[in-house]
Amino acid sequence: MELLRPESAKAAVAALGNGSVALAGGTEVVPLLRDGLLRAETLVDIRGVVPRGIDGTRIGAGTTLAELEVDAQVPDALREACRLAASPQLRSMGTIGGNLRQATRCWYWRLDFPCYLHGGDRCHAREGEHREHAIFGNERCASAHPSDIAAALLALGARVRTDRRELDVNDLYRLPTDDDRDVVALAPDELILELDVPVPDASVYLKAMDRRKWAFPLVGVAAARAGGRVRFGLAGVAPIPWLLTSTDELDAATPLPGTEYKLRIARALVRRAFAAL
Ligand SMILES: Cc1cc2nc3c(=O)[nH]c(=O)nc-3n(C[C@H](O)[C@H](O)[C@H](O)COP(=O)(O)OP(=O)(O)OC[C@H]3O[C@@H](n4cnc5c(N)ncnc54)[C@H](O)[C@@H]3O)c2cc1C
Ligand code: SF4
Numbered sequence: 002m003e004l005l006r007p008e009s010a011k012a013a014v015a016a017l018g019n020g021s022v023a024l025a026g027g028t029e030v031v032p033l034l035r036d037g038l039l040r041a042e043t044l045v046d047i048r049g050v051v052p053r054g055i056d057g058t059r060i061g062a063g064t065t066l067a068e069l070e071v072d073a074q075v076p077d078a079l080r081e082a083c084r085l086a087a088s089p090q091l092r093s094m095g096t097i098g099g100n101l102r103q104a105t106r107c108w109y110w111r112l113d114f115p116c117y118l119h120g121g122d123r124c125h126a127r128e129g130e131h132r133e134h135a136i137f138g139n140e141r142c143a144s145a146h147p148s149d150i151a152a153a154l155l156a157l158g159a160r161v162r163t164d165r166r167e168l169d170v171n172d173l174y175r176l177p178t179d180d181d182r183d184v185v186a187l188a189p190d191e192l193i194l195e196l197d198v199p200v201p202d203a204s205v206y207l208k209a210m211d212r213r214k215w216a217f218p219l220v221g222v223a224a225a226r227a228g229g230r231v232r233f234g235l236a237g238v239a240p241i242p243w244l245l246t247s248t249d250e251l252d253a254a255t256p257l258p259g260t261e262y263k264l265r266i267a268r269a270l271v272r273r274a275f276a277a278l
């Protein structure tokens, strides 16, 4: 395998695609390569070329979760989402850009079952073990998006700047379809460079986990109030980070037999987050 260290973001983009994969902190890329779930002839180390650091509402995609969790410029919901993610070692390596592109933790997917998300025609989790799976958007793939950070960014109404366009963080994700099983709406050679995270009047992130530390969200609820409006971003409830613009939208959930408990947790956390705001 070849490792490239390009001199600019433009050179990195030119080197991506066609069997090349971007490498930031490597906390996701390395395990996926090890497990044969990601194949790459070339790794393009983007750490020297993707912006890193926080300047008011702008956050470089190369900023680590550890840097975000302690910076007072960062809204509470995002700081708390970073603080509650993974372990200190992972947060000191893992970047916010890499976090937004992380793959599902569905055990069937990670064990390389030929499931819908891998291009097959069945969801093994729907019929099998699905305690940690979705309660929304789970018709084809019932996986639960693991990013605490994406949920916070959704509630905060963040925008993403890539090497070629700007988009709402909500448009970064889409449910998998028969034509496209990728839940991230980025081209294979597209790099996230920066995020713009508006400062809300108040925000909060609450996370239910199997353990109090180093666990993915069973349900994560971010809430942000800005100009009299409240938005909620949920983690661990759908194949993509899930936006709720009103609490009534919880009534549209479609839990599986093994995930009904998650709807009760989501209702409780949404209520608590709203009260906290
Ligand atoms: C044991 C474990 C526990 C974890 N727990 C949590 C948790 O509780 N909550 C949570 O939210 N996350 C959790 N994570 C995920 C962790 O936060 C991410 O792995 C990390 O943030 C990824 O960042 P990275 O820089 O290491 O990405 P990498 O591993 O370098 O890259 C990840 C993916 O993103 C792509 N990529 C990286 N940077 C960019 C960019 N700028 N533009 C476009 N594509 C890019 C890479 O090509 C790759 O596909 C956990 C991870 C592990 C391994
Ligand atoms: S939940 Fe998604 S990733 Fe998991 S087995 Fe079903 S299709 Fe595959």
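In terms of the working numbering, the sequence shown opens at residue 2 and continues consecutively.
Here a beta-carbon is modelled for each residue, glycine too, at the ideal position from N, C-alpha and C.
Self-check item: Option nearest F233 by Cα separation, candidates V271, I136, P89, R80
Solution: V271
Exercise. Give the DSSP-derived three-state secondary structure of I97 in the structure shown.
Key: helix
Exercise. State the Cα-Cα distance for the pair V220 and C83, rounded to the nearest angstrom.
Key: 15 Å
Quiz item: Would a C-beta distance cut-off of 8 Å place T65 and G95 closer than the cut-off?
Solution: yes
Practice problem: Express the C-alpha separation of I136 and P177 in angstroms, rounding to a whole number. | Solution: 15 Å
Self-check item: Length-filtered (3 minimum) beta strand (DSSP E) runs lying within the stretch 205-243
Solution: 220-227, 230-236
Practice problem: Mind checking which residues open and close the beta strand (DSSP E) that includes D46? | Solution: 43-46
Practice problem: With a 10 Å radius around its C-beta and 16 neighbouring C-beta atoms as the bar for buried, classify N19 as buried or exposed. | Solution: exposed
Quiz item: Going by C-alpha distance, which of K263, R6, R273 is nearest V51?
Solution: R6
Practice problem: Please look up how many angstroms separate the CB atoms of I241 and R175, rounded, as I've assumed it's under 8 Å. | Solution: 7 Å
Quiz item: If L33 and A104 are in contact, beta carbons under 8 Å, what's the gap, nearest whole angstrom?
Solution: 7 Å
Quiz prompt | Within 8 Å, strictly: CB atoms of Q74 and G61 | solution = no
Practice problem: Whole angstroms is fine: what's the gap from L207's alpha carbon to L79's? | Solution: 11 Å
Practice problem: Mind checking who S9 pairs with in its DSSP beta bridge? | Solution: Bridge partners of S9: none, in fact.
Quiz item: What residues are listed by DSSP as bridge partners for L257?
Solution: Note: L257 sits in no beta bridge, so no partner.
Quiz item: Does ligand 2 have a heavy atom nearer than 7 Å to the CB of H146?
Solution: no
Quiz prompt | Near ligand 3: Q74 beta-carbon under 7 Å from a heavy atom | solution = You won't find ligand 3 in this model; what it holds is ligand 1 and ligand 2.
Practice problem: Helix, strand or coil for T246, going by three-state DSSP, please let me know. | Solution: coil
Quiz item: What do you reckon, is the C-beta of D113 under 7 Å from a heavy atom of ligand 1?
Solution: no
Quiz item: If we ignore side chains and look at the alpha-carbon of each, how far apart do S88 and R212 end up?
Solution: 12 Å
Quiz item: In the DSSP assignment, what residue or residues form a beta bridge with A203?
Solution: R226
Quiz item: Who are the Cβ neighbours of D72 in its own chain at under 6 Å, not counting the five residues just before and after it?
Solution: I55
Practice problem: Determine the DSSP secondary structure at I150, reduced to helix, strand or coil. | Solution: helix
Self-check item: Whole runs of the beta strand (DSSP E) within the stretch 12-98, excluding any shorter than 3 residues
Solution: 21-24, 43-46, 59-61
Quiz prompt | Inter-residue spacing [alpha-carbon to alpha-carbon] between G98 and E81 | solution = 17 Å
Quiz item: Can G237 be considered in contact with ligand 1, in the sense that its beta carbon sits closer than 7 Å to one or more heavy atoms?
Solution: no
Practice problem: Work out the CA separation of I193 and V238 for me, nearest whole Å. | Solution: 24 Å
Practice problem: Tell me, please, which residues DSSP counts as bridged to D169. | Solution: R160
Exercise. Give the range of the beta strand (DSSP E) segment to which E195 is assigned.
Key: 193-197
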